[in-house]
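Chemist: Converting from the sequence shown to this note's numbering requires adding 15 to each position, the first position being numbered 1.
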Amino acid sequence: MATIRKRDGKNGSSYQVQVRIKGGGVESASFKSLTKAKIWAQSVEASIRDGKHFNKNAAKKHTLSDLIERFLDHPSLKDKTKLNYGPQLKWWISQLGEHKLVDITPDKISRSRDGLLKKGFQKSSTNRYVAALSSAYSMAVKEFGWIDTNPCSKVRKLSEPRGRTRFLTDDERERLLISCENSNAKELLIIVLLALSTGARKNEIRWLRWDDVNVQTGTVIFRETKNGIIRSVPLVGRGLDLIREWGKIRRLDTDLVFPGKNPKHPVLFEKSWKKALKESDIEDFRFHDLRHSAASYLIMAGVHMRTVAEILGHKTLAMVQRYSHLSPEHLRGELTRTMESVNL
């Protein structure tokens, strides 16, 4: 509810308007005209009702550090999100943490981001840094009411190279599995087999919980997915056998299938993974390429693209189209042309 007070001074009368803001604070302004004072008050009140108003004093009071700390402490934030965003947001604190929110512009954000490029970061990585900051700002706009717009939304996303389709050859796959089996990290072989047999992403596997693994029916449910869509995938073959045996020696202080030293957090296996690649003499290969390998094997086996998309968790066929050149029909045509060229 707005309060309007008339004040008489040497220069004539003026009208001071005060509107209390939800969550604390007061918006105020002065006008020479009572009509303008009422219009301003009605405008502010309408913005508050529509959830479009923010307390300008909050933007002047709070720093980026304040925002990031409150964001990371928010009860709705999953542990996985905190782990992923934490290092990126701490970097933003080191760059702009002491700046008031009102003073942070898209230009300042883009200039800081460009500093990452100069340090050798890939464009895709720098885009992730801005995305993490944007998530915090979105909460500041929609829930905290500290600012009215997200400055990250005005920072142009850097173009990223088209996704590659590197996948393991049969020989590479055999060498890699042998190295994983001999690894001191006993979970590594199971993790790699799950990636190859289900096409799951690294974090989908890392955050997998026993409640979502059914060894009787041979199914696994991935909840911590990139697009937020929960999907159920059949678990077969050696992967099913190993996960069944792994369950017999599971830790009782956590529901995570692959827990780290801290039972609340999943295992970090990057060091063991890189060692296995080195011992296998496999170059230019990332863990995510196991997902490409799984998709490639399915396509080459004649599985329909729509089924492949469902297994991988893609909403559309667009992402699966990159594997179309591996279809049996395409390979048949290539082989026919080759044989004709040598008169066979």
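Even glycine gets a Cβ: it sits at the ideal position worked out from N, Cα and C.
Source: prediction; values computed, not measured.
Grab me the residues of Ser198's own chain with a C-beta within less than 6 angstroms of its C-beta, minus the 5 sequence neighbours each way, in chain order.
Modeler: Position 183 of the sequence shown holds residue 198. Excluding positions up to five away in sequence, the list reads Ser287 and Ala291.
Chemist: Looking only at DSSP bridge pairs, what is Lys21 linked to?
Modeler: Counted from its first residue, the sequence shown places residue 21 at position 6. DSSP, once it has assigned bridges, lists Tyr30 as partnering Lys21.
Chemist: Could you say which of Lys53, Ser43, Ser80 and Pro90 lies nearest to Asn72 if we only look at CA atoms?
Modeler: For the purposes of this step, residue 72 is identified with residue 57 of the sequence shown, where counting begins at 1. For Asn72, the nearest C-alpha among the options comes from Ser43.
Chemist: Enumerated in chain order, which unbroken segments of the alpha helix (DSSP H) with a length of 4 residues or greater are wholly contained in the stretch 114-172?
Modeler: List check, alpha helix (DSSP H) in window: 121-133 and 138-154.
Chemist: Our contact map puts Ser139 next to Cys167 with C-beta atoms below 8 angstroms; I'd like the distance itself, whole angstroms only.
Modeler: Start at 1 with the first residue of the sequence shown, and residue 139 comes out as number 124. Start at 1 with the first residue of the sequence shown, and residue 167 comes out as number 152. Between Cys167 and Ser139 the Cβ distance is about 16 angstroms, and since that is not below 8 angstroms, they are no contact.
Chemist: Would you call the stretch 90-100 in contact with the stretch 121-141, where contact means no fewer than 3 C-beta pairs closer than 8 angstroms?
Modeler: Contact between the stretch 90-100 and the stretch 121-141 is absent, because fewer than three Cβ pairs lie under 8 angstroms.
Chemist: Hey, is the stretch 183-203 in contact with the stretch 221-236, meaning 3+ C-beta pairs nearer than 8 angstroms?
Modeler: No, the stretch 183-203 does not touch the stretch 221-236.
Chemist: Between the Cα of Val156 and the Cα atoms of Lys263, Arg337, Arg306 and Leu82, which residue gives the shortest distance?
Modeler: By 1-based counting over the sequence shown, the position of residue 156 is 141. The option with the nearest alpha carbon to Val156 is Leu82.
Chemist: Report the residue from Leu116, Ser194 and Asn242 whose alpha carbon sits nearest the alpha carbon of Lys75.
Modeler: Here residue 75 corresponds to residue number 60 of the sequence shown, with the count starting at 1. Residue Leu116 is the option with its Cα nearest to Lys75.
Chemist: Which class does Ala218 belong to by DSSP, given the choice of helix, strand or coil?
Modeler: By one-based count along the sequence shown, residue 218 stands at place 203. The sequence given here has Asn at residue 218, not Ala. Looking at Asn218 - three-state DSSP - the assignment turns out to be helix.
Chemist: Counting only runs that start and end within the stretch 230-286, where is the alpha helix (DSSP H) found for 4 or more residues in a row?
Modeler: As far as the stretch 230-286 is concerned, its whole alpha helix (DSSP H) runs of at least 4 residues are 252-263.
Chemist: Count the other CB atoms, across all protein chains shown, that sit within 10 Å of the CB of Pro102; report buried if there are 16 or more and exposed otherwise.
Modeler: For the purposes of this step, residue 102 is identified with residue 87 of the sequence shown, where counting begins at 1. So Pro102 counts as exposed.
Chemist: Contact defined as beta carbons within less than 8 angstroms: I believe Val34 pairs with Glu60. What is the distance between those atoms, to the nearest angstrom?
Modeler: Locating residue 34 in the sequence shown gives position 19, where the first residue counts as 1. Locating residue 60 in the sequence shown gives position 45, where the first residue counts as 1. Correct: roughly 6 angstroms between the Cβ atoms.
Chemist: For a test of the three-state rule: what should DSSP assign to Gly207, helix, strand or coil?
Modeler: Counting from one through the sequence shown, the residue named residue 207 turns up at place 192. Looking at the sequence itself, residue 207 is Val, so the reference to Gly does not match. Looking at Val207 - three-state DSSP - the assignment turns out to be helix.
Chemist: Short check: CB of Leu79 to CB of Leu104, under 7 angstroms?
Modeler: Here residue 79 refers to the residue found at position 64 of the sequence shown. Here residue 104 refers to the residue found at position 89 of the sequence shown. Not a contact, by the Cβ cut-off of 7 angstroms.
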